[in-house]
Every structure is written in structure tokens, then in C-alpha cells.
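All remarks here apply to the structure that follows.
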Amino acid sequence: MVRRLAEEKPSWGYRRLVGALHHLGASLSKNTVARILEDGGLRPAPKRTRSWRRFLEQQGASMVAADFFTVELTRGWGIQRVHVLVMMHLAS
């Protein structure tokens, strides 16, 4: 089961494989999964660094920031509450 899952999901590392196996009802440690993969000649995905800068470079062109707030305006007939939604495309 470990080998099949690793072959189906080549971008997954040890931790994600262990989590998926646990979800399927198989409780295996990270070391056990690593040993099974090594014995089968499979290598897990390399450990990735989490870089906010890299994420913004890759996804920034499609990101949008949004804010929602209310403003109370005084009119001749009383106070009126206005709901404002502001959206800004981050790449522009």
C-alpha cells in the first residue's frame, strides 16, 4: 500500500504519506514509511522550503485583496448605513 500510494503521488514526502496512510487506517511511523520506500527503490519528494517571497512571485499575478466595512452617513432624513466592499488586484 505504501509503494502504490508513493507511485500515485510522487510529489508527496514522508509526512504526507504517513498522514494519508493513517487516514486509510494504517498506523505507520515516518521511519517505517522511509524504509519501505528505500527498500522498494522509491525516493520521496525532496523537502521543500516554504518561502513567502517565492509564493508571491508565483501567485501574485492572480491574487486579490479584499476588505468589507460599513460607513454611517448623515442624510437630511436621518442616518444611512452603507456597506462597502473594496477589492484590489495585487499585481496592478
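Numbering-wise, the sequence shown is residues 10 to 101 according to the numbering used here. For each residue, glycine too, the CB sits at the ideal point set by N, CA and C. Just so you know, these numbers come straight off a predicted model, no measurement behind them.
Own chain partners of residue i with C-beta closer than 7 Å, once the 5 adjacent residues on each side are dropped
i          : result
residue 69 : 99 and 100
Nearest-angstrom Cβ-Cβ length linking residue i and residue j, presumed shorter than 8 Å
i          : j          : result
residue 37 : residue 27 : 6 Å
residue 95 : residue 79 : At roughly 12 Å, the Cβ-Cβ gap does not stay under 8 Å, so residue 95 and residue 79 are not in contact.
residue 11 : residue 46 : 7 Å
Coil, strand or helix - residue i by DSSP
i          : result
residue 28 : helix
residue 87 : strand
C-alpha distance - residue i paired with residue j, whole-angstrom precision
i          : j          : result
residue 89 : residue 82 : 5 Å
residue 73 : residue 50 : 43 Å
residue 60 : residue 52 : 23 Å
residue 65 : residue 56 : 20 Å
residue 87 : residue 62 : 48 Å
Same chain only: Cβ atoms within 6 Å of residue i, ignoring 5 sequence neighbours per side
i          : result
residue 30 : 37
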